[in-house]
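Novice:
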Amino acid sequence: MNILIMGGPGAGKGTMSAKIVEEFKINHISTGDIFRSEIGKQTELGLMAKSYMDKGYLVPDEVTNAMVKSYLEKLDNTKGFLLDGYPRTLDQAKAFSEMSKGTSLEIEKVLVLEIDFKELAGRVTGRRLCKGCGEIYHVVSHPSKEEGKCDKCGSELYQRKDDTEESLKVRLEEYENSTKPVLDFYEEKGMVARINAAQPIDQVWNDTKKALEDK
Ligand code: AP5
Ligand code: MG
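Positions 76 to 290 (my numbering) are the ones given, in order, by the sequence shown.
(1) Report the rounded CA-to-CA distance for D166 versus T254, giving the unit in angstroms.
(2) Taking a contact to mean a Cβ-Cβ separation below 9 Å, would you say L186 touches I78 in this structure?
(3) Tell me the rounded alpha-carbon separation between K244 and V214.
(4) On a Cα-Cα basis, can you pick out the residue from K176, F192, Y233, K184 that is closest to R203?
(5) Would you mind sorting G83 into buried or exposed? The rule is 16 or more other CB atoms within 10 Å of its CB.
(6) Rounded to whole angstroms, what's the CA-CA distance from K149 to G155? Just pull it up for me.
(7) Determine the DSSP secondary structure at A268, reduced to helix, strand or coil.
(8) Quick one: Cα of I104 to Cα of D159, how far?
Printed below as a string of structure tokens:
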């Protein structure tokens, strides 16, 4: 199954994505993670993306579409994939729809994590990530056993550069103005399942699993 997961910054896309890919054994494609990996490798794409990401702005559509296309061309898609954070503009949705039409890459289900914007500042400023395996923690709702150290691989935890109140403000505006229209695009196709993301992680996961098992 090919799934798209959507939701505002810090809504829990990455947290649910990790559970979905483990349960359904599908590929996880997070455009945010791919950009961060390019930044880490200091590639031309990474340096360009960084100038937008650090401030909370979206990376231009042409760049993002081309990156996803080349990524998908190399992918073994026998079991399907989970798109996390792409498409997130109407132009990206149209470009992806055009590219995937009639192929095994068409999106079949869209999950939307719904949560009030005022809840998100606490989520992003308290987030910690593992430098080694990418595991997602939160200082209050999902702390690691030993402070600053990953439970799974023992590597150091870090904070994302864009996890500041200032950048969050821009990311929320981008979500409202550019990403909400994508929801309408998929809503019209009748593929959308809305999940209450303001619940504890286990409850959000129960609802997510149910939505995916519901054909
Ligand atoms: P991206 O990496 O996608 O960031 P985002 O959309 O802002 O979302 P986050 O990753 O911040 O949040 P999340 O929903 O994954 O939440 P998480 O599970 O970590 O994109 C970053 C940037 O890259 C963009 O701003 C843009 O510049 C660029 N970019 C990416 N894709 C692009 C595209 N298609 N086009 C253009 N530019 C693009 O959870 C957050 C925290 O909350 C964690 O600490 C977690 O432990 C905690 N938490 C999760 N769920 C719960 C819960 N139920 N209860 C309590 N705590 C919870
Ligand atoms: Mg994420």
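Note that CB positions come from ideal geometry on N, CA and C, so glycine has one too.
Specialist: In terms of the structure at hand:
(1) On the sequence shown, position 91 is the one that residue 166 refers to. On the sequence shown, position 179 is the one that residue 254 refers to. If I take the Cα positions, the gap works out to 10 Å.
(2) Reading the sequence shown from its first residue, position 111 is the one you call residue 186. Reading the sequence shown from its first residue, position 3 is the one you call residue 78. In this structure, I78 lies closer than 9 Å to L186 by Cβ.
(3) Looking up residue 244 in the sequence shown gives position 169. Looking up residue 214 in the sequence shown gives position 139. So the alpha carbons of these two residues sit roughly 21 Å apart.
(4) Counting from one through the sequence shown, the residue named residue 203 turns up at place 128. Cα-wise, what sits closest to R203 is Y233.
(5) As a first step, residue 83 must be located in the sequence shown, where it is residue number 8. Counting Cβ neighbours within 10 Å, G83 comes out buried, since at least 16 surround it.
(6) Position 74 of the sequence shown, counted from the first residue, corresponds to residue 149. Position 80 of the sequence shown, counted from the first residue, corresponds to residue 155. Distance between the alpha carbons of K149 and G155: 13 Å.
(7) For the purposes of this step, residue 268 is identified with residue 193 of the sequence shown, where counting begins at 1. A268: strand per DSSP, three-state reduction.
(8) The sequence position of residue 104 within the sequence shown is 29, counting from 1. The sequence position of residue 159 within the sequence shown is 84, counting from 1. Rounded to whole angstroms, I104 to D159 spans 6 Å at the Cα level.
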